[in-house]
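**Q**
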Amino acid sequence: MSKATKRVRRIVKVQQEMHRLAEWRQAELVRRENELKAAQEEIVQVFNDHDKLYGVVIEPMARKLKSLAGEETRVVRDREAQDRRVVEEAVRLKRAERMAARVEEDARHAEEKQSLRDLIEQIGGTGGASFP
Numbered sequence: 001m002s003k004a005t006k007r008v009r010r011i012v013k014v015q016q017e018m019h020r021l022a023e024w025r026q027a028e029l030v031r032r033e034n035e036l037k038a039a040q041e042e043i044v045q046v047f048n049d050h051d052k053l054y055g056v057v058i059e060p061m062a063r064k065l066k067s068l069a070g071e072e073t074r075v076v077r078d079r080e081a082q083d084r085r086v087v088e089e090a091v092r093l094k095r096a097e098r099m100a101a102r103v104e105e106d107a108r109h110a111e112e113k114q115s116l117r118d119l120i121e122q123i124g125g126t127g128g129a130s131f132p
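According to this note's numbering, the sequence shown is numbered sequentially starting from 1.
(1) Determine, using beta carbons only, whether Ser-2 and Ala-107 come nearer to each other than 8 Å.
(2) Does DSSP put Ser-2 in a helix, a strand or coil?
(3) Ordered along the chain, which non-local residues of its own chain (more than five positions away) have a Cβ less than 7 Å from that of Arg-9?
(4) For a quick check, are the C-beta atoms of Gln-82 and Gln-26 less than 8 Å apart?
(5) If contacts are defined as beta-carbon pairs under 8 Å, then Glu-33 and Val-75 qualify, I think. What distance do you get, rounded to the angstrom?
(6) Shortest alpha-carbon distance to Val-12 belongs to which of Leu-116, Arg-95, Lys-113, His-109?
(7) DSSP state of His-19, grouped into three classes?
(8) Using alpha carbons as the reference points, say which of Ala-110, Ser-67, Arg-79, Met-61 lies closest to Trp-24.
(9) Could you give the DSSP three-state label for His-50: helix, strand or coil?
(10) Just to confirm before moving on: does the CB-CB distance between Ala-4 and Glu-89 stay below 8 Å?
Rendered as structure tokens:
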């Protein structure tokens, strides 16, 4: 295996890992977004189920609901940015894979050429034919 092939394979492995990390981060953000939505729905459900909540309870719950909504907005924004990063990493990975395939193909062609040259030399060198 040539140095170029080894180098390109390392690049592909790094790109695969970067893509995997981007997907992991994306999944974490989706999970967090779902948790925040569930927490908000739970608070709203408490409001709906208890018609006569005391003011002491309502105010902190309203603040918590507002806080959760703000955090959800930030998480959604981060997730959307991460979605774009995942696509970018996928593009980089595909590019690296295509480059690796080209380098490996070039190395294979070079090896075939050298084998053909060696074969021609063997045939030409062992025949002992002299040309006028």
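Cβ coordinates follow ideal geometry from the N, Cα and C atoms, glycine included.
These numbers were taken from a predicted model, which means no experiment stands behind them.
**A** So, from the listed chains and residues:
(1) yes
(2) coil
(3) Ala-100
(4) yes
(5) 5 Å
(6) Arg-95
(7) helix
(8) Arg-79
(9) coil
(10) no
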